[in-house]
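These protein sequences, in sequence, are chains A and H.
All letters in the first sequence, in the order written, are residues 1 to 109 by this note's numbering.
All letters in the second sequence, in the order written, are residues 110 to 295 by this note's numbering.
Glycine included, C-beta positions come from ideal geometry on N, C-alpha and C.
Okay, structure first, notes after.
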Amino acid sequence: MQHLVTSLDDEGGVRFATDACGRSTDISGYTEWTCETLPFVSLGWDWRIDYRHAPARWVRVGLPRTNVRLIDAERGPLQWQQNLEAMAEVVDAIDWQPCACAAVMRQHS
Amino acid sequence: MDIQTGSPGQLTSELLDHVGVYRYKVFVERLGWDLTSLNKREFDQFDRPDTVHLASRNEAGEINGSARLLPTTRPYLLGEVFPQLMHGLPVPCSPDVWELSRFAAVDLEAATQAPMGQFSSEVTLGLLHAAVAYARGEGAKRLITVSPLGIERLLRHTGVRAYRAAPPMRIGQHLLYACWIDCCDQ
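Pasting the structure below:
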């Protein structure tokens with residue numbers, strides 16, 4: 001899969017930069033990955049930076065969004081919830097964080 | 110919140126005119142979409158006598174949301190303008206599928222706006238559920254939409270089951286995707 005886009009969530013409700021000065025914040029966003037060749041797989045998910053333990057980690061938030069429907073051993077489609085949970089395992093198995101981080105850094109440098 | 114639904118023959122010309130003004134303000138002025146307009150009203154080739162419009166009004170009677178429904182058995186936006194969003198899959202053409210388009214639910218008078226500035230939550234939910242209910246009443250099992258990518262995240266909180274039909278694509282300055290919305294058992 002290839003990285004399509006990674007972007008930050010707006011904090012929202014901040015009229016002036018000084019309003020946010022000194023305020024705690026969470027950094028979160030979304031990332032999208034696609035295949036440019038058959039099969040045209042698409043996978044996107046939300047992420048946030050987890051500061052609870054050093055070093056800070058980029059972690060997936062919630063279930064991913066996808067056009068993929070997996071089939072079970074009997075070749076029947078998985079229930080959608082099960083499908084997304086399985087796709088979440090796929091997300092967690094790939095090393096997406098460096099690419100996503102680099103994309104955010106390029107946008108905001 | 111008052112939602113009116115119907116074809117041009119069923120709605121007043123005044124309401125339709127206000128919808129055109131609202132769509133111009135949202136899509137052309139606020140979002141910067143490159144759309145044909147006349148006298149600061151936004152209508153296109155898919156606004157036909159058989160098009161179903163939905164219009165939400167606030168307590169003051171001002172439009173604060175609108176949407177459009179088209180059967181996919183006749184020309185519609187995805188099929189005619191954005192078929193590439195299906196990545197080679199055939200565009201829907203079935204009485205089971207209607208297209209939802211020009212969906213906006215923003216209070217133009219509000220001082221601040223949430224991200225994805227087409228939406229406020231209450232009007233979004235009302236319009237979306239009204240659109241799904243209308244389409245279901247016409248026999249639709251699913252809606253198809255052309256949407257900016259961020260819409261998918263918002264739809265998670267609406268109670269509708271929505272999922273992408275194919276990978277998103279960059280078209281002009283926007284990342285767009287074709288989105289399915291189930292009409293059954295919401």
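Within a 10 Å sphere around the beta-carbon of residue 249 of chain H sit 16 or more other beta-carbons, which makes this residue buried.
For residue 51 of chain A, the number of other beta carbons within 10 angstroms of its own is below 16, and it is reported as exposed.
Against chain H, the CB of residue 65 of chain A has a partner CB under 7 Å away; the residue lies at that interface. Below 8 Å, too few C-beta pairs join the stretch 74 to 83 of chain A and the stretch 31 to 46 of chain A to call them touching: fewer than three. With three or more CB-CB distances shorter than 8 Å, the stretch 162 to 178 of chain H counts as touching the stretch 230 to 240 of chain H.
Using a Cβ-Cβ cut-off of 7 Å, residue 34 of chain A counts as an interface residue toward chain H, since at least one Cβ of chain H sits closer than that to its own. Two segments are said to touch when three or more pairs of C-beta atoms, one from each, lie closer than 8 Å; by this definition the stretch 134 to 142 of chain H does not touch the stretch 61 to 76 of chain A.
By alpha-carbon distance to residue 185 of chain H, the top candidate from H/174, H/210, H/274, H/199 is H/210. Identification of chain A residues near residue 273 of chain H by a Cβ-Cβ cut-off of 9 Å yields 42, 44, 65, 66, 67, ordered along the chain.
Of all alpha-carbon atoms in H/235, H/216, H/288, H/254, the one lying nearest the alpha-carbon of residue 111 of chain H is that of H/235.
What residue 261 of chain H touches in chain A, judged by beta-carbon distance under 8 Å, is 44, 65, going in chain order. Linking residue 73 of chain A to residue 83 of chain A through their CA atoms gives a straight-line distance of about 13 Å. Just so you know, the alpha carbons of residue 106 of chain A and residue 258 of chain H end up roughly 20 Å apart. Taken through DSSP and simplified to helix, strand or coil, residue 208 of chain H comes out as strand.
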